[in-house]
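Below you'll find the structure, written out as structure tokens, and then a few comments.
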Amino acid sequence: MRLAQHTVKLPPNANNDPPKVIDDWLWIDYHDRINVLVEDPNNPSSFLILQQTKYALDSEISLAVVGGIIEPTISKAADATAMASGAMTEGAG
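So the sequence shown is numbered by this note's numbering: it starts at 1 and just counts up by one.
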């Protein structure tokens, strides 16, 4: 795992306020990740996403696909597939 401190300049908001600069954005570089895009069984042209709350966002709700960390011990495609299935089970709750 690697940690770094970045300076981040956010884009202007809808009110055209000056862009906000965050001088102490903590950046964590961790293991590989897997994201699972799940097709809606009731509507094959749509995909299922998670609705969640993130503390760093101004809005109360954010949307995301199911995902998780692939531990370094996982090396086979079958293991990654099992991890993706587990992430989906955990995300679907």
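For each residue, glycine too, the CB sits at the ideal point set by N, CA and C. Everything numeric in this text was worked out from a predicted model, so none of it was measured.
| Which same chain residues, not among the five before or five after ALA84, have their C-beta less than 6 Å away from its C-beta? | ILE34 and VAL36
### Task
Would you tell me roughly how many angstroms separate the C-alpha atoms of SER45 and VAL65, rounded to the nearest one?
16 Å
Margin query: Can you find the residues in the same chain that come closer than 8 Å, C-beta to C-beta, to LEU63, ignoring five residues on each side of it along the sequence?
Written below: ILE49, LEU50, GLN51 and GLN52
- For ASP23, collect the residues of the same chain with a Cβ closer than 6 Å to its Cβ; drop the 5 residues on either side in sequence, then sort them by chain order. THR7
| message | If you reduce the DSSP assignment to three classes, tell me which class SER62 lands in. | response | strand
Less than 9 Å between the beta carbons of LEU26 and LEU3, yes or no? yes
*According to DSSP, is ALA80 helix, strand or coil?*
helix
_Could you give the first and the last residue of the continuous beta strand (DSSP E) run that contains ALA4?_
2-9
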